[in-house]
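Read through the structure below, which is laid out as structure tokens, and then see the notes.
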Amino acid sequence: MKKQYDFSTGTRGAVLANTGKTRITIRLDDDILEWFRDQADAAGGGSYQSMINGALREFVSSSRDPLKKTLRTVIREELARYKTESE
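Counting from 33, one number per residue, gives the positions in the sequence shown under the working numbering.
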């Protein structure tokens, strides 16, 4: 070992940054956080943070479907109206 090391060009934090994920600070209600922690424990361990991320991802992907259905309905109605007007 050296007697002295030069850390002047060093950076703080993890050696390798996770790609595709961003560290944030978020405030959650105590009961919500406790529920996710309990679910992680019941599943035999794991990350409650990953469970929260999964729940958010599922919500975002499912909230897109009603928009698609609404757009399809509107387009069908407009096409039907256009067909009756042009006949």
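Glycine is no exception: its CB is placed at the ideal position from the N, C-alpha and C atoms.
- With contacts defined as CB atoms closer than 8 Å, Phe68 and Ile84 qualify as a contacting pair.
- A distance below 8 Å separates the beta carbons of Tyr80 and Ala72.
- DSSP, reduced to helix, strand and coil, places Gln71 within a helical segment of the structure shown.
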